[in-house]
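**Q** Residues 40 to 150 in our numbering are what the sequence shown lists, from first letter to last.
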Amino acid sequence: MDMSNAETIKFNPIEVYEFLKDINQDFSIKYLETTCLKPDLDSKQCDICNLLIYAYQDRIKQLSNESERMIKARQQEIKDSQQQNCRGILCFTKTTEKIFNLTFIYKEHNC
Numbered sequence: 040m041d042m043s044n045a046e047t048i049k050f051n052p053i054e055v056y057e058f059l060k061d062i063n064q065d066f067s068i069k070y071l072e073t074t075c076l077k078p079d080l081d082s083k084q085c086d087i088c089n090l091l092i093y094a095y096q097d098r099i100k101q102l103s104n105e106s107e108r109m110i111k112a113r114q115q116e117i118k119d120s121q122q123q124n125c126r127g128i129l130c131f132t133k134t135t136e137k138i139f140n141l142t143f144i145y146k147e148h149n150c
């Protein structure tokens, strides 16, 4: 395949970012990081750098919300586990009391 006559297709970096953002936010951020370093952007470089900052902010918020949900879910798991352990201890205590009482009654009647 002869590539000598091929022209470089130039895309609007902001439109490419918007497209990639819908597919994968991390990949779109990597694209902006790479793109904002290119010297041929001229007047768009500032816009792309600002867009990168907003993309970082959005991603941080998203990760924060995800971790917050995970933390709450884990706290609920721990709470449920503690309640189950308390029920188990209470059940064990009641069973132990019953055994003690039965043993006491048995000793009273057989002694």
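Heads up, the beta-carbon is just placed ideally off N, CA and C, and yes, glycines get one too. Keep in mind it's a predicted model, so treat the numbers as computed, not measured.
Tell me whether S120 is buried or exposed, calling it buried when 16 or more other Cβ atoms sit within 10 Å of its Cβ.
**A** The count along the sequence shown starts at 1 and reaches residue 120 at position 81. S120 comes out exposed.
**Q** Should L129 be labelled buried (16 or more other beta-carbon atoms within 10 Å of its own) or exposed?
**A** The residue given as residue 129 occupies position 90 in the sequence shown. That one is exposed.
**Q** Cβ atoms of S67 and K77: under 8 Å apart, would you say?
**A** Position 38 of the sequence shown, counted from the first residue, corresponds to residue 77. Position 28 of the sequence shown, counted from the first residue, corresponds to residue 67. The answer is no: Cβ separation not under 8 Å.
**Q** From D79 to E54, what does the alpha carbon distance come to, in whole angstroms?
**A** Position 40 of the sequence shown holds residue 79. Position 15 of the sequence shown holds residue 54. Taking the straight line joining both Cα atoms gives about 17 Å.
**Q** Would you say T102 and L90 are within 8 Å of each other, going by their C-beta atoms?
**A** The residue you call residue 102 lines up with position 63 of the sequence shown. The residue you call residue 90 lines up with position 51 of the sequence shown. A quick correction: the sequence has Leu, not Thr, at residue 102. Contact flag unset, no.
**Q** Alpha carbon to alpha carbon, how far is Q114 from N51?
**A** Mapped onto the sequence shown, residue 114 falls at position 75. Mapped onto the sequence shown, residue 51 falls at position 12. Between Q114 and N51, the C-alpha separation is close to 46 Å.
**Q** For C8, does the three-state DSSP call read helix, strand or coil?
**A** This structure cannot speak to residue 8, because the chain is shown only from 40 to 150.
**Q** Whose CA, out of F58, A112, T73, lies closest to the CA of I87?
**A** Numbered from 1 along the sequence shown, position 48 holds the residue referred to as residue 87. Measuring from the Cα of I87, the nearest candidate turns out to be T73.
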